[in-house]
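Encoded as structure tokens, the structure appears first; notes follow it.
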Amino acid sequence: MLARLEEEDAAERAAGLPAAERSRAVEPTTGRFLFSLVAPQTDCEVLEIGGSRGYSTIWLAAGVRNLGGRVLSVEHDPSKIDAWRRNVHEAGLEDWADLVDGDAKEAVPAIDDVFDVVFLDAEKDDYEELFRLARAKLEPGALVVADNVLSHVETLGAYSAVRQADASLVSVTVPLDRGLEVTVVLVDPSATMRLPRKGGGPAVEDSSTGSGGTSG
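Under numbering that gives the first Met the number 0, the residues of the sequence shown are numbered 0 to 215, in order.
This is the structure:
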């Protein structure tokens, strides 16, 4: 199943199809990364914004299946919705993944739930608004993972910078595949990181604008 979807995505990219006509799937290593984030968590609730044909959904759903949980995926493209349903069914993961059909800007505020992990892989110009909408569904300790922050750095560089400058978050750019911004919602928004000095000695407060810089 995963191999077939990877081949389809590679063929569409090689053919130069417009982005709207491609699956726009994450890289396989990013899929494994997502699996590794959710699999150790008990009853992990995941919100996926931009489900496409279900490739990343399958990785996430396979992860939450281990210790219980669910993936709620939002997708608005009718052709991709049909493919999402077929692929998730073929993977045998319907019990761990549900689909919301609609525009994420309207769908996310209407969701009556809180989440442990958000995976953001939608239109790049919408990331800032979608993060704001998703954050209303998060409790302290939740993670937001945003894809493509390095491959689309001209658009998403500001997204990463804002997350890293927010004292209520800890955020770092992970230079994996197309670039992931991994953001943790802090328990106490006023908390500051306590960083150990190199070579020992008392800890010092992190007074920088962010907890991690963008890798180039």
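Every residue, glycine too, gets a C-beta built ideally from N, C-alpha and C.
Buried or exposed (CB count within 10 angstroms, at least 16 for buried), residue i
{"i": "residue 90", "result": "buried"}
{"i": "residue 153", "result": "exposed"}
{"i": "residue 201", "result": "At residue 201 the pLDDT is 48, less than 50, meaning the model places this residue with poor confidence and gives no usable figure here."}
{"i": "residue 113", "result": "exposed"}
{"i": "residue 115", "result": "buried"}
{"i": "residue 6", "result": "exposed"}
{"i": "residue 121", "result": "buried"}
{"i": "residue 61", "result": "buried"}
{"i": "residue 218", "result": "One cannot answer for residue 218 here, as it falls past the ends of the chain, which runs 0 to 215."}
{"i": "residue 162", "result": "buried"}
{"i": "residue 35", "result": "exposed"}
{"i": "residue 94", "result": "exposed"}
{"i": "residue 150", "result": "exposed"}
{"i": "residue 111", "result": "exposed"}
{"i": "residue 146", "result": "buried"}
{"i": "residue 8", "result": "buried"}
Three-state secondary structure (DSSP) of residue i
{"i": "residue 128", "result": "helix"}
{"i": "residue 57", "result": "helix"}
{"i": "residue 17", "result": "coil"}
{"i": "residue 7", "result": "helix"}
{"i": "residue 122", "result": "coil"}
{"i": "residue 30", "result": "helix"}
{"i": "residue 41", "result": "coil"}
{"i": "residue 174", "result": "coil"}
{"i": "residue 24", "result": "coil"}
{"i": "residue 140", "result": "strand"}
{"i": "residue 150", "result": "coil"}
{"i": "residue 12", "result": "helix"}
{"i": "residue 194", "result": "Caution is warranted here: a pLDDT of 45 is assigned to residue 194, below 50, making its placement in the model unreliable, and the coordinate value is therefore given only provisionally. Three-state result, residue 194: strand."}
{"i": "residue 87", "result": "helix"}
{"i": "residue 160", "result": "helix"}
{"i": "residue 51", "result": "coil"}
Beta carbon of residue i nearer than 8 Å to that of residue j
{"i": "residue 119", "j": "residue 144", "result": "yes"}
{"i": "residue 105", "j": "residue 71", "result": "no"}
{"i": "residue 45", "j": "residue 25", "result": "no"}
{"i": "residue 29", "j": "residue 155", "result": "no"}
{"i": "residue 22", "j": "residue 52", "result": "yes"}
{"i": "residue 132", "j": "residue 108", "result": "yes"}
{"i": "residue 140", "j": "residue 173", "result": "no"}
{"i": "residue 73", "j": "residue 103", "result": "yes"}
{"i": "residue 181", "j": "residue 142", "result": "yes"}
{"i": "residue 0", "j": "residue 65", "result": "no"}
Anticipated Cβ contact below 8 Å, residue i with residue j, distance rounded
{"i": "residue 37", "j": "residue 68", "result": "7 Å"}
May I ask you to verify whether the region 120-130 touches the region 57-64, counting CB pairs closer than 8 Å and requiring at least 3?
no
Touch check for the region 98-108 and the region 70-86: three-plus C-beta pairs under 8 Å?
yes
Measuring CB atoms only, is the region 14-21 touching the region 35-45, in the sense that at least three cross pairs come out at less than 8 Å?
With the cut-off at 8 Å, the region 14-21 and the region 35-45 do not touch.
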